């Protein structure tokens, strides 16, 4: 097993898995951490301003989830990619390389669907 | 500057990738094809990484200073487009290792379609980010 072949499996598995996990994190609101930029604090897990303050005061502590969603997806994809990299080459021979662009395209379409409420306001 | 360089590199590479083999060498697309596209891969990866790092820093200020203004003004579609920019940028970032492998360590039995599609997805993500960023940046001037 060459380093190049292992890295190839890592790269393809990471790219394929990340898109899927990102959509799951976005749909289920699974942020690994939440950033409150105006307060300069980062809390582990998903926290909504309305959970800790009056909803009318939420604008004082806007929460950011994008970093947390990306971290959730990256962590999951990293684990899958490391497993894929450690597998012998013959075990992933039947993996269609096209998944690495099909899954991200489907993930982007899913992101559009999840963002549609913004366009109905 | 980083975003413009990235835009130029990925656009050049994408057009060269999609240009048909039979294109006349003296034509516009023929000249695109004559430049080795693989050489752009390293630059695209580095510039994309720098762009997303800088964007991630600026995003903190956007969330506190700009976004509340846009919400108060009811620019909901613009915020929707901006959210899509975030999502697409993250998905594109995760594709960089596979994109780099396809260009710099190509395998003989690998279909060229994979490389073409990865490059096209990145081009779409980068153009979307560029255009959305500019629209949101200039939105206060619209209709003024």
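Protein chains in written order, with the working numbering: chain A, 315 to 435; chain B, 191 to 334. Note that CB positions come from ideal geometry on N, CA and C, so glycine has one too. All of these numbers come straight from a predicted model, not from anything done at the bench.
Interface residues of the region 382-395 of chain A facing chain B [CB-CB below 9 angstroms] = Listed by position, the residues of the region 382-395 of chain A near chain B (Cβ gap below 9 angstroms) are 383, 384, 387, 388, 391, 395.
request  = Reducing DSSP to helix, strand and coil, say where residue 225 of chain B ends up.
outcome  = coil
key: chain B within 7 angstroms of residue 336 of chain A, Cβ atoms only   = Yes, residue 336 of chain A counts as interfacial toward chain B.
ask   = Is the CB of residue 418 of chain A under 7 angstroms away from at least one CB in chain B?
value = yes
message = Here's the rule: buried if 16 or more other CB atoms are within 10 angstroms of the residue's CB, otherwise exposed. What is residue 324 of chain B?
response = exposed
query = Can a CB atom of chain A be found closer than 7 angstroms to the CB of residue 281 of chain B?
reply = Interface residue (Cβ-Cβ distance to chain A less than 7 angstroms): residue 281 of chain B is classified as such.
Nearest-angstrom beta carbon gap, residue 285 of chain B and residue 312 of chain B [assumed within contact, 8 angstroms] = Going by Cβ atoms, the distance from residue 312 of chain B to residue 285 of chain B rounds to 6 angstroms, so yes, they are a contact pair.
Interface residues of chain A facing residue 274 of chain B [CB-CB closer than 7 angstroms] = 425, 426, 429
Residue 293 of chain B: contacting residues in chain A (beta-carbon distance under 8 angstroms) = None at all; the shortest Cβ gap to chain A is about 11 angstroms.
Any C-beta of chain A under 7 angstroms from that of residue 266 of chain B = Chain A, which has a Cβ nearer than 7 angstroms to the Cβ of residue 266 of chain B, makes this yes.
request  = Look at the alpha carbon of residue 257 of chain B and the alpha carbon of residue 269 of chain B, and state the distance between them as a whole number of angstroms.
outcome  = 8 angstroms
request  = Ignore the nearest five residues each way along the sequence and tell me which others in residue 271 of chain B's own chain have a CB closer than 6 angstroms to its CB.
outcome  = The beta carbon of residue 271 of chain B sits closer than 6 angstroms to the beta carbons of 322 from its chain, once the five residues preceding and following it are set aside; these are given in chain order.
task = Say whether the region 281-299 of chain B touches the region 399-419 of chain A, bearing in mind that this needs 3 or more beta-carbon pairs closer than 8 angstroms, one atom from each stretch.
result = yes
query = Taking 6 angstroms as the line, does the beta carbon of residue 393 of chain A fall inside it for any heavy atom of the ligand GDP?
reply = As for the ligand GDP, it is missing from this structure, which has no ligand bound.
message = Given this structure, state the Cα-to-Cα distance separating residue 395 of chain A from residue 358 of chain A, to the nearest angstrom.
response = 24 angstroms
DSSP-derived helix/strand/coil call for residue 348 of chain A = Three-state result, residue 348 of chain A: strand.
query = Helix, strand or coil for residue 307 of chain B per DSSP?
reply = helix
inquiry  = I want to verify the contact list: residues of chain A whose CB lies under 7 angstroms from the CB of residue 285 of chain B, in sequence order.
reply    = 329, 418
ask   = Using DSSP with H/G/I as helix, E/B as strand and the rest coil, what is residue 298 of chain B?
value = It is coil, neither helix nor strand.
task = Using a Cβ-Cβ cut-off of less than 9 angstroms, list which residues of the region 336-354 of chain A approach chain B; keep chain order.
result = 336, 337, 340, 349, 351, 352
inquiry  = Given this structure, state the Cα-to-Cα distance separating residue 207 of chain B from residue 229 of chain B, to the nearest angstrom.
reply    = Looking at the two C-alpha atoms, the distance is approximately 13 angstroms.
ask   = Okay, do the region 341-353 of chain A and the region 373-391 of chain A touch, 3+ Cβ pairs below 8 angstroms being the bar?
value = yes
ask   = Does the region 325-333 of chain A come close enough to the region 395-407 of chain A that 3 or more CB-CB pairs lie under 8 angstroms?
value = yes
query = Using the rule of at least 16 other Cβ atoms within 10 Å of the residue's Cβ for burial, across every protein chain shown, is residue 264 of chain B buried or exposed?
reply = exposed
request  = Pick helix, strand or coil for residue 375 of chain A, following the three-state DSSP scheme.
outcome  = coil
request  = Pick helix, strand or coil for residue 401 of chain A, following the three-state DSSP scheme.
outcome  = The three-state reading of DSSP puts residue 401 of chain A in coil, since its state is none of H, G, I, E or B.
inquiry  = Applying the 10 Å Cβ sphere with the 16-neighbour rule, what's the burial state of residue 390 of chain A?
reply    = buried
inquiry  = Taking the alpha carbon of residue 427 of chain A as the reference point, which residue from A:322, A:338, A:332 has its own alpha carbon closest?
reply    = A:338
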